[in-house]
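Protein chains: 2
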Amino acid sequence: MRFRCQAKQLQDAVGVAAKAINARPSTPVLEGLLIKTGENGVRLTGSDELTTIETTIDAAILEEGTVALPGRLLSDVVRKLPDADVELRSEEGDPSRRASLRCLGSRTMLIGLNAEDYPSKPQVEEKAGFTVPQEGLRTLVQRTLFSIATDESRPILTGALLEVKEDALVMAALDGFRLAVARLAMSGPNAACCAPLQVVIPGKVLGELQHILPGGEELVSVSISDRFIRFQVGRAMMDARLLEGEFMKYRQILPTEWQTRVVAPVPALAAALDRSSLIARVSKNNLVRLNIGENQLTMSSNAEQNQSQEEVEGVITEGKPLEIAFNERYLNDILKAIDDEEIEMRFQTNVSPCILKPLEGEDYLYLVLPIRVFTAPSR
Amino acid sequence: MRFRCQAKQLQDAVGVAAKAINARPSTPVLEGLLIKTGENGVRLTGSDELTTIETTIDAAILEEGTVALPGRLLSDVVRKLPDADVELRSEEGDPSRRASLRCLGSRTMLIGLNAEDYPSKPQVEEKAGFTVPQEGLRTLVQRTLFSIATDESRPILTGALLEVKEDALVMAALDGFRLAVARLAMSGPNAACCAPLQVVIPGKVLGELQHILPGGEELVSVSISDRFIRFQVGRAMMDARLLEGEFMKYRQILPTEWQTRVVAPVPALAAALDRSSLIARVSKNNLVRLNIGENQLTMSSNAEQNQSQEEVEGVITEGKPLEIAFNERYLNDILKAIDDEEIEMRFQTNVSPCILKPLEGEDYLYLVLPIRVFTAPSR
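Line by line, the protein sequences give chains Z and L.
Under the working numbering, the first residue of the first sequence is numbered 1419, with each subsequent residue one higher.
Under the working numbering, the first residue of the second sequence is numbered 1419, with each subsequent residue one higher.
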């Protein structure tokens, strides 16, 4: 194999494909990136058991072929190349599987892996397909990812549910303590063609997806088959295995009534929570209390006799006063994921879940379980 | 105690004084920052066994007093305060040693340490004093700090020698493998008043000093006594214990002759070394070879059959050809510490130390021991 391309292009492509590589792969060859010449340029593939990421670069191909090179080392090497043309070359059938990378006065010889061992790409038979703006997809992921369960006791909850509806994409994730739902309005024939449909995407896949979306105006094509989902953006393509099983019917657990309602400015709420959390973390109970009075919200925490008390300015309340406590992390995760100026919180009692949502629309909805604090009287 | 000041000023001052605090202090009170009202404002002090850092802020003092507050927690809390006036308050003789920090709607109550346990500041009887521009002092430290010995087998080498001469400050540091000497020209009555003088400053102190120098035009006043050194810049003051004992007479080990001389452009040399080091680190021997021919410098490394070879462009040589090997880290440290466009390297044999220096002047001088590589023929 022998081809020439721009070092910068190679660097970007290696960076994208290497995102799929696991630090401790199940088989040695998956430490490698597969590099293969083809009609449309040179294709780079990285993979673990769950995900395969492929991308293609323009190159002058002087001799066809395939190599598998150690992904991490290759990525480090190409990142340090000068901004010039680079030539990658290997001899077909070389028993020591050497590949050389030349760029100006720099020459690096890497020992490859056995490309024949590299697993072939899953066959994805498209059951449904649609396109979605990158930014919208990224927002869906960012608003739900943190609520995906990290423990494996219920494997289906280590993924997020993606619901393809006629007028929207909805993503939902929950662990035992909170639920996150994000919604992206869709229109046109795109969505209609395959709705309604539900799949569960592993959290790890969504984490990688966030990193390969380059930002900008380009659309992402999403194809869904029985066991796989494919995201395609620009020249990069990611195939990922779906989780099997039925996701929890989360709509059933959403409370429909409320006793206390608070509208609060997000920046003031986030700043108060940030300070309160500092003290809450001293004792590692991570507990912050909200005391809701008439148009008043006081946040407090204490640990080893240190105390924090915060008056949140600009709050409007409705309904009964309430004292309720939360794990600060669950509230912080939410406030960091949204960009509205104001948020609405709805409560029933201090042992029932709280709802956080925008003042208008359904872009997101969070449900958080409170922590029972026995020193606080239940109202 | 009760005073009011700007949150931003308090934040900066706490940040500076807390630099002296050790994560695992020898006595609990040294986890704290001492805060004391005085005539010139409020003084904040942080300390460990080696170093004491003090700084003063302007404040409206409503009631005099002293508290010692947990440094790390205080630093986290004040960093998150809104940009407004803050009031710190404690009751004299309160057995639970509470102090409250109020800023707009935020109120934090911290439990203090026993301020009476706080060690008193060392009495520094000035033996010599001079002033030096911050940038010059910082450069001296930055060019030598990395060569200070980290193992304790020869305690005096865990510090850097500071030589105060009539016309210059010279700082020198060495471990068993390399020597760094940096020189800052001085003029005027400043230097003359106390030269010649030698002290050994602990590496940890120099590391902290780098962090409290705020940058800019201000001069640093340096006072030296028998066992302490004091750095004063703006309203911050750092007192540090000196190392006792005699530093190595390093000038005796500097070779005066050379067989091979190389002048190389620093950016090209650094880029080549950067790439070569990547491969060298794969096998953890960290070894790079330099092959010096006529106006030619080739750098190479190999590990687990991977290889790197780099032609350094724009090199001028004199004398004999040479093949010599180094630990890449020692060369990388040097190339990162200097900002010249070109550097001169002088060699004798491939088992003798190499000298790195500027083409002109004596701003710095490095000596690095090579690694004997038995497969390479000695020339």
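Backbone N, C-alpha and C fix where the C-beta goes; we use that ideal spot for every residue, glycine too.
Keep in mind it's a predicted model, so treat the numbers as computed, not measured.
Out of curiosity, what's the CA-to-CA distance linking residue i and residue j?
i                : j                : result
S1719 of chain Z : E1635 of chain L : 44 Å
F1649 of chain Z : S1444 of chain Z : 24 Å
A1658 of chain Z : A1546 of chain Z : 15 Å
L1592 of chain Z : S1695 of chain L : 45 Å
E1760 of chain L : G1554 of chain L : 20 Å
L1705 of chain L : T1767 of chain L : 17 Å
A1533 of chain L : A1486 of chain L : 5 Å
P1771 of chain Z : P1673 of chain Z : 8 Å
L1785 of chain L : N1750 of chain L : 13 Å
Y1376 of chain Z : S1465 of chain Z : Since the first residue of chain Z shown is 1419 and the last is 1797, residue 1376 of chain Z is not available in this structure.
E1505 of chain Z : R1699 of chain L : 23 Å
Q1616 of chain Z : C1423 of chain Z : 41 Å
V1684 of chain Z : L1428 of chain L : 26 Å
M1655 of chain Z : M1527 of chain L : 53 Å
E1543 of chain Z : Q1723 of chain L : 42 Å
L1753 of chain Z : Q1670 of chain Z : 24 Å
A1436 of chain L : A1755 of chain Z : 32 Å
R1442 of chain Z : E1449 of chain Z : 8 Å
R1561 of chain L : G1594 of chain L : 17 Å
K1583 of chain L : P1614 of chain L : 5 Å
M1589 of chain L : H1629 of chain L : 18 Å
A1743 of chain Z : K1498 of chain L : 22 Å
E1662 of chain L : V1618 of chain L : 7 Å
E1457 of chain Z : R1653 of chain Z : 14 Å
S1796 of chain Z : P1488 of chain Z : With a pLDDT of 41 at S1796 of chain Z, under the threshold of 50, the predicted position of this residue should be treated as unreliable, and no value is reported.
So, with DSSP's three-state summary, where would you put residue i?
i                : result
V1460 of chain L : strand
P1446 of chain Z : helix
G1433 of chain Z : helix
E1746 of chain Z : helix
K1539 of chain L : coil
G1489 of chain L : helix
E1780 of chain Z : coil
P1500 of chain L : coil
I1789 of chain Z : strand
Q1616 of chain Z : strand
K1454 of chain L : strand
T1576 of chain Z : helix
L1672 of chain L : coil
K1426 of chain Z : helix
A1603 of chain Z : strand
Q1560 of chain L : helix
A1533 of chain L : helix
Using a C-beta to C-beta distance shorter than 7 Å, which residues of chain L count as neighbours of residue i?
i                : result
R1525 of chain Z : Q1727
List the residues that DSSP assigns as beta-bridge partners of residue i.
i                : result
F1646 of chain Z : Z:R1659
V1730 of chain Z : Z:L1715
L1519 of chain L : L:L1506 and L:T1526
T1568 of chain Z : Note: T1568 of chain Z sits in no beta bridge, so no partner.
N1768 of chain L : Its beta-bridge partners do not exist; DSSP assigns none.
V1495 of chain Z : Answer is none; V1495 of chain Z lacks a bridge partner.
Against residue i, what residues of chain L qualify as contacts under a CB-to-CB distance less than 8 Å, listed in chain order?
i                : result
S1514 of chain Z : Q1723
Note down, in chain order, every chain Z residue with its Cβ under 7 Å from the Cβ of residue i.
i                : result
K1498 of chain L : D1692, R1693 and L1696
I1529 of chain L : E1722, Q1723 and N1724
Quick one: what's got a C-beta closer than 7 Å to residue i's C-beta in the same chain, skipping five residues either side?
i                : result
I1710 of chain L : T1678, V1680, T1735, P1739 and L1740
G1621 of chain L : L1563, I1566, T1576, G1577 and A1578
A1603 of chain L : D1585 and A1586
R1747 of chain Z : N1704
Who are the neighbours of residue i on chain Z, taking C-beta pairs under 9 Å?
i                : result
E1731 of chain L : L1522 and G1523
A1689 of chain L : K1498, P1500 and S1524
Residues of chain L with CB closer than 9 Å to the CB of residue i, please, in chain order.
i                : result
I1761 of chain Z : Near I1761 of chain Z there are no residues of chain L at all, since even the closest Cβ is about 18 Å away, more than 9 Å.
L1491 of chain Z : L1696, I1697, V1700 and N1724
Going along chain A in order, which residues have a C-beta closer than 7 Å to the C-beta of residue i?
i                : result
D1494 of chain Z : Absent from the structure is chain A; the protein chains it does hold are Z and L.
Got a sec? Which residues, its chain only, sit under 8 Å from residue i by beta carbon, not counting five neighbours each side?
i                : result
Q1552 of chain L : L1631, P1632, G1633, G1634, E1635, E1636, L1637, V1638 and V1651
N1703 of chain Z : A1721
L1777 of chain L : V1681, D1758, E1760, I1761 and E1762
P1500 of chain L : A1425, C1521, L1522 and S1524
Q1725 of chain L : I1697, S1718 and S1719
T1468 of chain Z : Reading the sequence as shown, one finds Leu at residue 1468 of chain Z and not Thr. Counting only Cβ-Cβ distances below 8 Å, and skipping sequence neighbours, we find P1620, K1622, V1623, A1658 and R1659.
Cutting at 6 Å between CB atoms, please list the residues of its own chain near residue i, excluding the five before and the five after it.
i                : result
D1476 of chain L : G1459
R1596 of chain L : S1565, Y1748 and V1786
A1431 of chain Z : L1462, T1473 and I1475
Please tell me whether, using a cut-off of 7 Å, the distance from the CB of residue i to the nearest non-hydrogen atom of the ligand MN is below it.
i                : result
S1641 of chain L : Judged by which ligands are present, the structure shown has none, so any question about the ligand MN falls away.
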